[in-house]
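Going by full-length UniProt numbering, the sequence shown opens with residue 1, and the numbers climb by one from there. Here's the structure we're looking at; comments come further down.
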Amino acid sequence: MSNSSDIVRPATRYSRTEAKSGYSSDSDNRTLTTIKHTERLSDISTTTSKVAAMLDLNRGSSSLSKLSPLDRKPELVTVHHQPYKDKYVPSFSGGTKRSSLSSFQTSTSKPSSSFNSTSSLTSNGLKHELVGNVGLKNIGNTCFMNSILQCLSNTTILRDYCIDEKYITDINRNSPMKGNLIREFADLLKHLWKPNGVSLSPVNFKSKIQKFSPRFMGYEQQDSQEFLRFLLEGLHEDINRVRHKSSQPLGELSHLSSQEKARSTWKWYNMKDDSFIFDLFVGQLESSLKCQECGNISLTYDPFWDLSLPISKKMYSNDATTLSDCLDTFTRRETLEGDERPMCEVCKVRCTMTKKLSVNKFPKVLVLHLKRFNEGSRYRQKLNNLVKFPVKGLNLADYASKTFEGDSPPIYDLYAVSNHCGSCYGGHYTAYCFNTTTRQWKEFNDSSVKVISDSGICTNEAYVLFYVRKDRTARL
């Protein structure tokens, strides 16, 4: 079930008055009011004298008026948390609708626009024990959004880019959101990394993302991986360096070598998409088709934002399944026959072919999506079995293409996980994130934040894995 925080303000001693029976004249009321007023002044005078006497004894002060505001004890405020009772329902099964966004704006405080200076928020200046401990309130089936936002907040390179306001010079005024989405995202990150910050209500951010993608309007549960894709696309468009996208088609590449074809294809994509977000998250896949009739090999190259990995068939048995098993299944050579036969550019007819995927360009931040939700012919199913994945040193050299170019091997370290517990019909999202300041793993469960052990990171609830590449250009 989801957790949401409602502020319950305790009633004051004067918040309720009771009407008494009986008749009183105006003169009686005025007399009674005068007497009570006189008694009240007497009480105040007596209290003031006592406080002044105590100050004279304890501090040597001669007057109550000399008491500095900094010396006065602050008033304590009690905040109670009440969970919502609604069940979470993933996007593919619908969900319970809640009231409109405006109803939440009246009951939640608007995030403060004043933040600490960026110099105190960079990776070199974050030394406070509570930095990075700020949760996100659940405003109605928004745990999927909170989980992804915390994972992106702990993407160090992206966090510094936003908090240091480097994105401002990259804003694309021609984008659908005119830069408003990246601005709101940056403000949210600033709040999440405030020292001693309180849990934030992401109402303002939600209003921006649903303008970019109306599918996130309302309060139905959504899929966190789908939300991540839409969010990254929106942020990318807001800071796309390409102000006017080229309509030039991709030219003929058959006469080029595999390396030249890969570079030309990447350059062509950069004529339309080129941003800081694109530089971080996008890699390039190589698809190899081999004709079983003539032996011709056709290579195509496509960009990817994440890799959706099918669960290995071992998952249906009692054998242990690893992330390597999932990657092996993803890159395994398969045969395309029957209605799936592609057109051979040499034979000029549809032929049986073998297809194999490999990675030609590894991104700085690699997002791996474990395909736990399957749409069967009769029923929906979620695979809750454990997939073991490494926290340190994920080596993907075996999955690189022959044309792979790089100065360093594709080795990655895990830094965030978006988890889903429950079934296809109801569940809850949380996040595990590595805090580079405290060097600790933390669990973000909406407003709740707590330190967890390294040994508790790999669970059967892991859904989206975030890895950062170990080289000079991608630090964490």
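Using N, Cα and C, we set each Cβ at its ideal position, and we do this for glycine too.
- [ ] Taking His420 and Tyr429 to be in contact with their CB atoms under 8 Å, please state how far apart those CB atoms are, rounded to whole angstroms.
- [x] Confirmed, Cβ separation roughly 6 Å.
- [ ] Examine the Cβ distances between the region 279-287 and the region 347-360 and report whether three or more of them are shorter than 8 Å.
- [x] Under the 8 Å Cβ criterion, the region 279-287 counts as touching the region 347-360, having at least three qualifying pairs.
TODO: Taking the CB atoms as reference points, tell me whether Phe185 and Phe212 lie closer together than 8 Å.
DONE: Taking C-beta atoms as the reference points, Phe185 and Phe212 fail to come closer than 8 Å.
Task: For Glu443 and Asn435, the rounded distance between their alpha carbons - done: Asn435 and Glu443: Cα-Cα distance of roughly 10 Å.
Open item on the list: On the DSSP bridge list, what partners appear for Ile411?
Closed with: DSSP output for Ile411 lists Asn395 as bridge partner(s).
Task: Beta-carbon contacts of Lys361 that lie in its chain and below 6 Å, excluding the five residues immediately before and after - done: The residues are Gly283 and Gln284.
Task: For Gln248, the first and last residue of its enclosing beta strand (DSSP E) - done: That residue, Gln248, is in no beta strand (DSSP E); it is neither H nor E in DSSP.
Task: Any non-hydrogen atom of the ligand FMN closer than 7 Å to Val391 Cβ - done: With respect to the ligand FMN, the structure offers nothing, as it holds no ligand at all.
Open item on the list: Just to confirm, is the Cβ distance from residue 477 to His369 under 8 Å?
Closed with: The requested residue 477 does not occur in the structure, where the chain is confined to residues 1 to 476.
Open item on the list: Excluding the 5 residues flanking Met54 on each side, which residues of the same chain have their C-beta closer than 8 Å to its C-beta?
Closed with: With a pLDDT of 45 at Met54, under the threshold of 50, the modelled position of that residue is not reliable, and the figure given next carries that caveat. The answer is none, since no qualifying residue turns up.
Task: For Thr430: DSSP bridge partner residues - done: Bridge partners of Thr430: Asn419.
Task: Beta-carbon separation (whole angstroms), Ala462 vs Val387, contact threshold 8 Å - done: Contact flag correct, Cβ pair sits at about 7 Å.
Task: Distance between beta carbons of Ile182 and residue 477, contact taken as under 8 Å - done: Nothing in the structure corresponds to residue 477, since the chain is present only between 1 and 476.
Task: Residues of its chain near Arg243, where Cβ-Cβ distance is below 7 Å and the 5 sequence neighbours each way are ignored - done: Only Asn172 and Asn174 meet the Cβ criterion.
Task: Contact belief for Asn460 with Asn384 at Cβ below 8 Å, rounded distance in angstroms - done: Rounded, the Cβ-Cβ distance is 5 Å, consistent with contact.
Open item on the list: By the three-class DSSP mapping on this structure, what secondary structure does Asn374 have?
Closed with: In the structure shown, Asn374 sits in a strand (DSSP, three-state: E or B).
Open item on the list: Closest to Lys208 by C-alpha separation, out of Lys190, Trp193 and Phe230, would be which residue?
Closed with: Checked all of Lys190, Trp193 and Phe230; the closest Cα to Lys208 is Phe230.
Task: Residues bridged to Ser288 (per DSSP) - done: Its beta-bridge partners are Leu299 and Lys356.
Task: 3 or more residues per run - each beta strand (DSSP E) lying fully within the region 127-188 - done: The qualifying runs do not exist here; there are none.
Task: Where Asn435 falls: helix, strand or coil (DSSP) - done: Three-state result, Asn435: strand.
Task: Meets three-Cβ-pair contact criterion under 8 Å: the region 189-202 and the region 130-150 - done: Yes, the region 189-202 touches the region 130-150.
Open item on the list: Do Cys294 and Val346 count as a contact pair if the criterion is CB distance below 8 Å?
Closed with: Yes.
- [ ] Measure the alpha-carbon distance for Asp407 versus Met217 and round it to whole angstroms.
- [x] Rounded to the nearest angstrom, the two C-alpha atoms are 44 Å apart.
Task: Residues that Leu192 bridges to, as DSSP identifies them - done: Leu192 pairs with nothing; no bridge assigned.
TODO: Identify whether Arg40 lies in helix, strand or coil by the three-state DSSP scheme.
DONE: Low confidence applies to Arg40: its pLDDT is 49, below 50, so where it sits in the model is not reliable, and the reading given next is rough at best. Under the three-state reduction of DSSP, Arg40 is assigned to helix.
Open item on the list: Using CA atoms only, rank isn't needed, just tell me which of Cys424, Ile411 and Val417 is closest to Trp441.
Closed with: Of the listed residues, the one whose Cα sits closest to Trp441 is Val417.
Task: Anticipated Cβ contact below 8 Å, Ser224 with Phe144, distance rounded - done: Taking C-beta atoms under 8 Å as the contact rule, Ser224 and Phe144 qualify, at a distance of about 4 Å.
TODO: Quickly, what does DSSP pair Pro202 with across the bridge? List them, please.
DONE: Pro202 pairs with nothing; no bridge assigned.
Task: Euclidean distance between Cα positions of Arg98 and Gly251 - done: Because Arg98 sits at a pLDDT of 33, beneath the cut-off of 50, its placement in the model cannot be relied upon, and the point is left open.
Open item on the list: Quick check on Gly197: does DSSP put it in helix, strand or coil?
Closed with: Gly197 falls in the coil class under three-state DSSP.
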